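Q: Numbering (the working numbering), first residue to last: 33 to 417. Have a look at this one before I ask anything.
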Amino acid sequence: MKKIDVITIGGGLAGLTAAIHLRIQGFEIQVVEPNLYPKHKVCGEYISNEVKPYLSSLGIDVDGAGAKDIKRFQLTNTKNKSIEAELPLGGFGISRYTLDKLMADRAIELGVEIIQDKVTNVTYGGNGFKVELKKSSSPLISTLVVGAYGKRSTLDKNLGRRFIKERTPWIGVKSHYESTFPEDLVSLNHFEGGYCGLSNVENQRVNACYLIHQSTFQKYRNIEDVQNNVLSANPFMAEFYASSKMLFNKPLSISQIYFGKRDLVYNHILMIGDTGGMIHPLAGNGMAIAIHSAKLASESVSLFLEGKMSKGEMEHRYAIERKKAFAKRIRAGKYIQSLFEKQKLSHQAMQLVHYVPFIIPSIIRLTHGKPISTLDKSKNCCIIA
Ligand SMILES: Cc1cc2nc3c(=O)[nH]c(=O)nc-3n(C[C@H](O)[C@H](O)[C@H](O)COP(=O)(O)OP(=O)(O)OC[C@H]3O[C@@H](n4cnc5c(N)ncnc54)[C@H](O)[C@@H]3O)c2cc1C
């Protein structure tokens with residue numbers, strides 16, 4: 033069995049970013065991903081522009097794939113109040129169906145091997161890693177492993193990660209709609225027990241994705257009842273549902289979304305994207321953090337594989353860089369989320385921003401980063417256009 037430089041567990045945004053970045057630098061990479069591309073995922077699909085130049089330096093052309101430019105932000109509530117502001121940096125809307133496939137195609141084009149399987153266990157033996165798979169009886173062998181398998185997986189249980197025992201009350205629901213919702217707008221619509229994001233993606237589709245507390249959800253029999261009774265209590269959502277046509281047979285949903293702390297390095301595996309920790313979705317920045325954290329991990333991995341630092345230094349560097357880049361905004365996301373959770377507080381906060389609307393861009397800046405640097409092409413050893 034050939035020993036590979038790096039295996040990334042999971043081929044979502046974080047795993048594919050790391051795979052492409054490291055492959056461009058000349059390393060041998062395998063990605064293990066159980067799903068075939070393309071596939072819909074529960075996600076608001078609004079991405080901050082901070083990652084666009086970096087994606088472009090990896091050869092990912094989101095504009096060519098039809099991404100929508102998003103410049104304005106709107107906040108609404110059940111009291112029929114609405115506040116609008118320009119987004120300081122802006123963002124773009126693209127479905128995960130299209131984006132993950134675009135990135136997987138790019139990875140394959142560069143020579144990354146994508147293995148359609150599920151990782152069941154990983155062991156570290158001093159000299160490298162053994163990665164066990166669900167479908168294949170022969171394990172994969174590598175010098176390094178990057179964990180990019182998303183919010184939670186049975187692998188967390190098998191690895192003995194502590195957070196997996198925590199119960200969490202959040203449910204995420206997403207669907208695409210045919211709608212006249214404005215192309216350059218992302219709106220956050222508050223309702224009792226949660227909020228729903230609306231924004232355009234490619235092909236004239238509008239993404240409606242909401243996060244809802246289990247205690248609210250459980251009062252109703254199904255998603256349709258929840259949407260009719262809870263989300264539609266916000267007049268902006270009622271109007272959206274009345275004037276739009278759902279394009280999925282039924283909405284996608286996920287549960288057990290955990291926002292607490294997780295290890296950034298566990299059993300010598302560098303944890304990137306959601307696997308290393310999640311920001312509250314209302315901050316609209318999880319995808320940018322997934323991509324940026326993959327870049328940070330790749331930079332540390334390169335230094336180790338080039339013999340410029342020890343394994344311990346590589347692990348330490350990644351953990352420090354990740355905390356430096358995201359700790360503040362994850363904290364800001366948490367505070368804003370706690371405001372939204374309390375109906376009364378949220379109405380008061382809405383009233384405050386109604387009178388001083390110019391504070392909205394400052395709040396958005398707290399949860400977003402500055403544009404991240406592009407891949408340093410002078411260091412590439414195998415650039416493929
Ligand atoms: C309701 C909701 C709305 C959101 N809205 C937004 C938004 O509008 N904007 C934004 O920026 N972020 C948003 N986010 C956050 C964003 O979706 C995530 O932060 C982002 O998807 C993280 O990417 P990732 O690569 O870490 O994980 P993922 O994209 O989840 O990829 C993980 C991959 O690992 C694979 N995998 C799992 N287990 C294994 C295993 N054992 N072996 C191998 N592979 C495995 C999975 O199949 C998957 O493809 C939202 C999140 C939620 C819950």
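Even for Gly, the Cβ is constructed at its ideal location relative to N, Cα and C. Predicted model, so just to flag it, every value in this text is computed and none were measured.
Is there at least one non-hydrogen atom of ligand 1 closer than 8 Å to the beta-carbon of Ser80?
A: Yes, ligand 1 has a heavy atom inside 8 Å of this Cβ.
Q: Cα separation between Lys251 and Phe223?
A: Roughly 14 Å separates the two Cα atoms.
Q: Is Tyr156 closer than 9 Å to Lys73 when the C-beta atoms are compared?
A: Cβ atoms of Lys73 and Tyr156: not closer than 9 Å.
Q: Which residues does DSSP list as the beta-bridge partners of Ala240?
A: Ala240 pairs with Ser207 and Leu230.
Q: Residues in the same chain with beta-carbon distance under 8 Å from Leu314, minus the five sequence neighbours each way, listed in chain order, please.
A: If we look at Leu314 and ignore the five residues flanking it on each side, its Cβ neighbours are Leu220, Tyr227, Gly229, Leu243, Gly365, Ile368, Gln369 and Phe372.
Q: Going by alpha carbons, who is nearest to Ile147 out of Gly43, Tyr209 and Lys133?
A: Residue Gly43 is the option with its Cα nearest to Ile147.
Q: In three-state terms, what does DSSP make of Pro403?
A: Note: Pro403 maps to coil in three-state DSSP.
Q: Under 8 Å: do the stretch 82–93 and the stretch 195–206 share three or more Cβ pairs, one atom per stretch?
A: No contact exists between the stretch 82–93 and the stretch 195–206.
Q: What residue range does the beta strand (DSSP E) around Gln62 cover?
A: Residues Ile61 to Val64.
Q: Using alpha carbons as the reference points, say which of Ile203, Thr40, Lys189 and Ile56 lies closest to Phe291.
A: Phe291 has its Cα closest to that of Ile203, out of Ile203, Thr40, Lys189 and Ile56.
Q: Output the residue ranges of the beta strand (DSSP E) runs that lie fully inside the stretch 145–193 and measure 3 residues or longer, sorted by chain position.
A: List check, beta strand (DSSP E) in window: 145–147, 151–156, 161–165 and 172–179.
Q: In the DSSP assignment, find the unbroken beta strand (DSSP E) run with Ser106 in it and report its ends.
A: Inspection of the sequence shows that residue 106 is occupied by Gln rather than by Ser. Its beta strand (DSSP E) spans residues Lys100 to Thr108.
Q: Can you check whether the CB of Glu256 is closer than 9 Å to the CB of Ala97?
A: No; because the gap between Cβ atoms is not below 9 Å, this pair is not in contact.
Q: DSSP puts Tyr78 in a beta bridge; with which residues?
A: Tyr78 is bridged to Gly125.
Q: Based on the DSSP secondary-structure assignment, which residues constitute the bridge partners of His245?
A: DSSP, once it has assigned bridges, lists Trp202 as partnering His245.
Q: Given that a residue counts as buried once 16 or more other Cβ atoms are within 10 Å of its Cβ, and exposed if not, what is Ile236?
A: Looking at the sequence provided, one finds Gln at residue 236 rather than Ile. By the neighbour-count rule (16 or more Cβ atoms within 10 Å), Gln236 is not buried but exposed.
Q: Heavy atom of ligand 1 less than 8 Å from the Cβ of Val93, yes or no?
A: The identity of residue 93 in the sequence shown is Asp, whereas the question assumes Val. Answer for Asp93: no, Cβ out of range of ligand 1.
Q: For Gly160 versus Thr175, is the C-beta spacing smaller than 9 Å?
A: Result yes, Cβ atoms of Gly160 and Thr175 sit closer than 9 Å.
Q: Kindly indicate the opening and closing residues of the beta strand (DSSP E) around Leu279.
A: First-last for Leu279: undefined, no H or E at that position.
Q: Are the beta-carbon atoms belonging to Gly47 and Gly305 less than 9 Å from one another?
A: Result yes, Cβ atoms of Gly47 and Gly305 sit closer than 9 Å.
Q: Per DSSP, which one or two residues make a beta bridge with Glu118?
A: Per DSSP, Arg104.
Q: Just confirm the distance between the C-beta atoms of Leu284 and Lys206, as a whole number of angstroms; I'd bet it's less than 8 Å.
A: The Cβ separation is near 5 Å, so the contact holds.
Q: May I ask you to list the residues that DSSP assigns as paired with Thr40?
A: Partner(s): Val63 and Val178.
Q: Among the residues of its own chain, which have a CB less than 6 Å from the CB of Cys241, if the five just before and after it don't count?
A: Excluding sequence neighbours, Cys241 sits near Gly76, Lys206 and Gly229.
Q: Using 8 Å as the cut-off, classify the Cβ of Gly157 as near or not near the heavy atoms of ligand 1, replying yes or no.
A: Checking the Cβ of Gly157 against ligand 1 gives no.
Q: Hey, would you say the C-beta of Leu187 is under 8 Å away from at least one heavy atom of ligand 1?
A: Yes; taking the cut-off as 8 Å, the Cβ of Leu187 has a heavy atom of ligand 1 nearer than that.
Q: Can you list, in chain order, the residues of its chain whose CB lies under 7 Å from that of Gln259, leaving out five sequence neighbours each side?
A: If we look at Gln259 and ignore the five residues flanking it on each side, its Cβ neighbours are Tyr273.
Q: Fully enclosed by the stretch 252–313, which alpha helix (DSSP H) runs are 4 residues long or longer?
A: Entirely contained in the stretch 252–313, the alpha helix (DSSP H) runs reaching 4 residues are, in chain order, 255–261 and 267–275.
Q: Measure the CB-CB distance between Asp149 and Leu45 and report whether it falls below 9 Å.
A: For Asp149 and Leu45, no; Cβs fall outside 9 Å.
Q: Leaving out the 5 sequence neighbours to the left and right, which residues in its chain are closer than 7 Å to Ile404 when beta-carbon positions are compared?
A: Here the set comprises Glu82, Val83, Tyr86, His324 and Lys327.
Q: Rounded to whole angstroms, how far is the Cβ of Arg55 from the Cβ of Gly143, which I believe are closer than 8 Å?
A: About 6 Å separates the two Cβ atoms, so the contact holds.
Q: Gly76: beta carbon under 8 Å from a heavy atom of ligand 1?
A: Yes - ligand 1 has a heavy atom lying nearer than 8 Å to the Cβ of Gly76.
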